[in-house]
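As numbered in my numbering, the sequence shown has no gaps in its residue numbers, which increase by one up to the final residue, 908.
Worksheet: one structure, shown below.
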Amino acid sequence: MSLIARNITAGYGQIRVLNGVNLEVAPGQIHCVFGPNGSGKSTLLKVCAGMLRPWGGSLELDEQNLLGLKGHQFIRSGIVTVPQSGGVFPELSVAENLMAGGLALSDNAAVRESIQAMYRRFPILGEKRNARGGSLSGGQRMLLAFARALVSEPKVLLLDEPSAGLAPLVVKEVFGLIKDLRAQGPAILLIEQAVRDALPLADQVTVLAQGEVQFQGQAQGLSEAKLVEAYLGVKM
Ligand SMILES: Nc1ncnc2c1ncn2[C@@H]1O[C@H](COP(=O)(O)OP(=O)(O)OP(=O)(O)O)[C@@H](O)[C@H]1O
Ligand SMILES: [Mg+2]
């Protein structure tokens, strides 16, 4: 299912952050959003996730209007987020964190089966199911954050800088996982600052600067140096 945002304006209090942003995330594709700190990437993700109501514009999932729905209804519609830094609950166990991923769903048996599937897919989480989230390494926490998101079998996955703060080897693993996920068919919105790691995965690219789209198009044929120099203003 495609998530389509049109002409989104949004902000906090009186401060406008997004100004007329259009974005389409299609099934089986990764749409990467790049942009410097404070350019509005997370704000855009929060709008797509139903965590922040936009001031104007429209948001649809396969022609279903999403604006006006509550946060848990977004999750039931199949739109699930891995927030910046993962958002694992440090005081809860791995198992409890995974159960939190199924809270918005009504079919408890399906949630339990889904969690077992996560233990099979990511054995380290099964081994550590009783450990506190806060005791995991950075990489394991990100894995748990992904697994928690996958418990509800999302149609749209919103990822906010999943590589931030992770060691280079772990970043490779996380991007490998994202690539595997794409093959399973969800639409993936990937917010990143690590252009070098993320660009090879991207099908579509959007560059945000000061809340406006500076560039939008196919990733194919885009070189990292061109993208960074032209749109992010930093020479490699
Ligand atoms: N809850 C909030 N209340 C007020 N202002 C906010 C809030 N969240 C973000 N902002 C402001 O909105 C602007 C855009 O923030 P946003 O978090 O969307 O940027 P970003 O591109 O995700 O940055 P980063 O790369 O640092 O994560 C910034 O100026 C920020 O200070
Ligand atoms: Mg952010």
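Where is the CB? At the ideal position from N, CA and C, for every residue including glycine.
Could you check if residue i belongs to the surroundings of ligand 1, using beta carbon to heavy atom distance under 6 Å?
{"i": "Tyr684", "result": "yes"}
{"i": "Ser711", "result": "yes"}
{"i": "Val689", "result": "yes"}
What three-state label does DSSP hand residue i in the structure shown?
{"i": "Glu901", "result": "helix"}
{"i": "Phe706", "result": "strand"}
{"i": "Gly743", "result": "helix"}
{"i": "Ala692", "result": "The sequence given here has Gly at residue 692, not Ala. In the structure shown, Gly692 sits in a strand (DSSP, three-state: E or B)."}
{"i": "Phe818", "result": "helix"}
{"i": "Glu896", "result": "helix"}
{"i": "Ala682", "result": "strand"}
For residue i, I'd like the list of residues in its chain whose CB is within less than 6 Å of its CB, leaving aside the five on either flank, ordered along the chain.
{"i": "Arg801", "result": "Val766 and Ala767"}
{"i": "Pro762", "result": "Gly805 and Gly806"}
{"i": "Glu936", "result": "Nothing about residue 936 can be reported from this structure: the residues present for the chain run from 673 to 908 only."}
Quick check: does the Cβ of residue i come within less than 6 Å of any heavy atom belonging to ligand 2?
{"i": "Ser714", "result": "yes"}
Which residue comes first and which comes last in the beta strand (DSSP E) that contains residue i?
{"i": "Val877", "result": "Gln876 to Ala881"}
{"i": "Glu884", "result": "Glu884 to Gln890"}
{"i": "Ala859", "result": "Ala859 to Ile863"}
{"i": "Glu763", "result": "Here Glu763 belongs to no beta strand (DSSP E), and DSSP marks it neither H nor E."}
Compute the beta-carbon to beta-carbon distance between residue i and residue j, rounded to the nearest angstrom, for a pair I have assumed lies under 8 Å.
{"i": "Gly883", "j": "Ser711", "result": "7 Å"}
{"i": "Val879", "j": "Ala817", "result": "Not confirmed; about 25 Å, so no contact."}
{"i": "Gly750", "j": "Pro826", "result": "5 Å"}
Skipping 5 residues on each side, what residues in its chain have a beta carbon closer than 7 Å to that of residue i?
{"i": "Ala682", "result": "Val689, Leu690, Thr715, Val719, Leu724, Pro726 and Trp727"}
{"i": "Ala803", "result": "Ser765 and Val766"}
Please return the same chain residues whose Cβ sits closer than 8 Å to the Cβ of residue i, not counting the five positions on each side in sequence.
{"i": "Ile850", "result": "Ile702, Leu831, Pro834, Ile860, Leu862 and Leu873"}
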